[in-house]
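Taking it in order: structure first as structure tokens, then the write-up.
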């Protein structure tokens with residue numbers, strides 16, 4: 001797990017440290033770590049998304065850590081509670097030559113988890129592979145979200161449908177919002193039988209993850225929400241999700257604000273190359289058009305080499321593409 005932080009006794013110097021998790025104890029796979037390796041009894045440091053501390057100091061790029069041994073045991077903290085420990089070995093440590101405008105970014109594999117509502121027992125009537133595929137919900141742990149999308153976009157006050165969920169003017173709001181939060185927790189719950197884990201190392205890996213944007217040889221549309229914790233999405237027209245009050249709200253966990261939200265689909269060119277077309281079509285959060293270039297840069301940063309186009313919800317070519325996708329399923 002490459003980590004950069006300021007070196008002790010220096011002014012502005014960055015040091016790259018390669019950390020390796022040697023062992024772990026007291027950690028429940030899935031509850032604290034989003035990885036498949038944990039289910040097999042091994043861990044990868046790049047999979048952890050819990051808080052790591054060294055002698056009471058947060059392992060954070062902006063914090064300096066002093067007098068730490070090359071092999072040491074770290075407590076894992078989850079929501080201010082002890083969640084187990086991991087043993088860490090420092091494999092490498094070297095100075096990074098960086099100019100004054102350099103910024104620290106997350107690197108390494110982009111981890112994902114795919115959650116099946118079918119295997120969770122929520123869709124016991126589904127029997128076909130097509131129906132099972134339709135029920136999938138995805139969480140992709142994007143890197144560098146705060147750098148590319150630093151602004152939070154709050155829920156859309158002009159969208160009457162969701163006011164009963166978020167507005168304090170409605171007494172039923174807390175109950176309804178809690179119901180959506182529970183739905184989110186159920187959809188994205190971890191389990192050995194219902195959750196698939198992996199990593200994306202290339203654009204081809206991402207397109208394969210979403211089955212090239214097709215199901216039953218027809219194009220599909222995805223609904224997504226990006227929060228500080230990652231990129232959550234599912235098929236827009238999936239039968240299990242279509243009765244939800246707001247799919248964007250479901251994927252965000254009924255968050256009052258998100259980094260971005262909308263829809264995306266995959267386009268295939270004549271030369272069999274694929275393109276990610278992503279937009280801001282979310283009535284729940286209505287993220288501004290001005291942030292679309294940053295959204296595109298975020299995708300290009302996480303999947304180097306990907307062909308990505310970020311379009312406004314009112315773009316004519318986008319609206320025509322949406323019509324064609326829905327027409328394919330009529």
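Numbering (UniProt numbering), first residue to last: 1 to 330.
Cβ coordinates follow ideal geometry from the N, Cα and C atoms, glycine included.
All values reported here derive from a predicted model rather than from experimental measurement.
Got a sec? Which residues, its chain only, sit under 7 Å from residue 213 by beta carbon, not counting five neighbours each side? For the purposes of this step, residue 213 is identified with residue 213 of the chain shown, where counting begins at 1. Around residue 213: 219, 220, 265 and 266.
Are the C-beta atoms of residue 150 and some chain D residue less than 8 Å apart? No chain D appears in the structure shown, which is made up of a single protein chain.
Taking three-plus beta-carbon pairs below 8 Å as touching, is the segment 244-256 in contact with the segment 220-235? Of all C-beta pairs linking the segment 244-256 to the segment 220-235, three or more are shorter than 8 Å, placing the two stretches in contact.
DSSP on residue 108, reduced to helix/strand/coil? For this step, residue 108 is matched to residue 108 along the chain shown. Residue 108 falls in the coil class under three-state DSSP.
Buried/exposed call for residue 82, threshold 16 Cβ in 10 Å: Position 82 of the chain shown holds residue 82. Residue 82 is exposed by the Cβ-count criterion.
Once you ignore the five residues that flank residue 312 on each side, which residues in its own chain have a CB closer than 8 Å to its CB? For the purposes of this step, residue 312 is taken as residue 312 along the chain shown, with counting starting at 1. Correct list, in chain order: 279, 280, 289, 292 and 318.
For residue 184, tell me which candidate among 137, 303, 302 and 294 has the shortest Cα-Cα distance. Taking the chain shown and counting its residues from 1, the one referred to as residue 184 is at position 184. Among 137, 303, 302 and 294, the Cα nearest to that of residue 184 belongs to 137.
Compare the C-alpha of residue 253 against each of 181, 277, 231 and 233 and name the closest. For the purposes of this step, residue 253 is taken as residue 253 along the chain shown, with counting starting at 1. Minimum Cα distance to residue 253 is reached at 181.
For residue 197, the residue or residues it bridges with in DSSP: As a working note, residue 197 is residue 197 in the chain shown. 113, per the DSSP bridge assignment.
Supposed contact pair residue 284 and residue 156 - C-beta distance, whole angstroms, cut 8 Å: Counting from 1 along the chain shown, the entry for residue 156 is found at position 156. Counting from 1 along the chain shown, the entry for residue 284 is found at position 284. That pair is a contact at about 6 Å.
Same chain, Cβ closer than 7 Å to residue 209, five either side skipped, listed in chain order: Taking the first residue of the chain shown as 1, we reach residue 209 at position 209. Within the same chain, residue 209 has close Cβ partners 112 and 200.
Hey, out of 174, 271, 108 and 263, whose CA is closest to residue 322's CA? In the chain shown, residue 322 corresponds to position 322, counting from 1. Among 174, 271, 108 and 263, the Cα nearest to that of residue 322 is on 263.
Does residue 324 come out as helix, strand or coil in the three-state DSSP assignment? Numbered from 1 along the chain shown, position 324 holds the residue referred to as residue 324. Looking at residue 324 - three-state DSSP - the assignment turns out to be helix.
Residue 102 to residue 217, Cα distance in whole Å? The count along the chain shown starts at 1 and reaches residue 102 at position 102. The count along the chain shown starts at 1 and reaches residue 217 at position 217. Between residue 102 and residue 217, the C-alpha separation is close to 45 Å.
What residue from 286, 295 and 108 has the CA that sits closest to residue 148's CA? Within the chain shown, residue 148 is the residue found at index 148, counting from 1. The option with the nearest alpha carbon to residue 148 is 295.
How long is the line joining the alpha carbons of residue 270 and residue 188, rounded to whole angstroms? Start at 1 with the first residue of the chain shown, and residue 270 comes out as number 270. Start at 1 with the first residue of the chain shown, and residue 188 comes out as number 188. One C-alpha to the other measures close to 36 Å.
Spatial neighbours of residue 235 within its chain, please: CB distance less than 8 Å, with the 5 preceding and 5 following residues excluded, ordered by chain position. Here the question's residue 235 lines up with position 235 in the chain shown. Hits under 8 Å: 134, 136, 215, 220, 221, 222, 223 and 241.
Between residue 307 and residue 171, what straight-line distance do the alpha-carbon atoms span, to the nearest angstrom? As a working mapping, residue 307 is identified with position 307 in the chain shown. As a working mapping, residue 171 is identified with position 171 in the chain shown. So the two alpha carbons sit approximately 46 Å from each other.
Return the first residue and the last residue of the alpha helix (DSSP H) that residue 343 is part of. In the structure as shown, the chain begins at 1 and stops at 330. Residue 343 is therefore absent and cannot be evaluated.
Which value, in whole angstroms, describes the spacing of the CA atoms of residue 107 and residue 143? Indexing the chain shown from 1 puts residue 107 at position 107. Indexing the chain shown from 1 puts residue 143 at position 143. Spanning the two alpha carbons is a distance of roughly 7 Å.
Taking residue 176 as part of the alpha helix (DSSP H), name the residues at either end of that continuous run. Here residue 176 refers to the residue found at position 176 of the chain shown. Where residue 176 is concerned, the enclosing alpha helix (DSSP H) starts and stops at 173-187.
Per DSSP, residue 333 forms a beta bridge with which residues? Look at the range of the chain in this structure, 1 to 330, and you will see that residue 333 is not part of it.
Comparing C-alpha positions only, which one of 325, 326, 85 and 287 sits nearest to residue 150? For the purposes of this step, residue 150 is taken as the residue at position 150 of the chain shown. Ranking the options by Cα distance to residue 150, first place goes to 287.
Cβ distance (whole Å) where residue 154 is taken to contact residue 282 below 8 Å: On the chain shown, position 154 is the one that residue 154 refers to. On the chain shown, position 282 is the one that residue 282 refers to. Contact flag wrong, Cβ pair sits at about 12 Å.
Alpha-carbon to alpha-carbon, residue 73 and residue 139: Position 139 of the chain shown, counting from 1, holds the residue named residue 139. Position 73 of the chain shown, counting from 1, holds the residue named residue 73. Residue 139 and residue 73: Cα-Cα distance of roughly 29 Å.
When 309, 305 and 325 are compared against residue 204, the one with the closest alpha-carbon: In the chain shown, residue 204 corresponds to position 204, counting from 1. The candidate whose alpha carbon is nearest that of residue 204 is 305.
Report the residue from 276, 230 and 268 whose alpha carbon sits nearest the alpha carbon of residue 259. Here residue 259 is taken as the residue at index 259 of the chain shown, counted from 1. Closest by alpha carbon: 230.
Following the continuous beta strand (DSSP E) through residue 311, name the residue where it begins and the one where it ends. Here residue 311 refers to the residue found at position 311 when the chain shown is read from its first residue. Residue 311 -> beta strand (DSSP E) spans 308-311.
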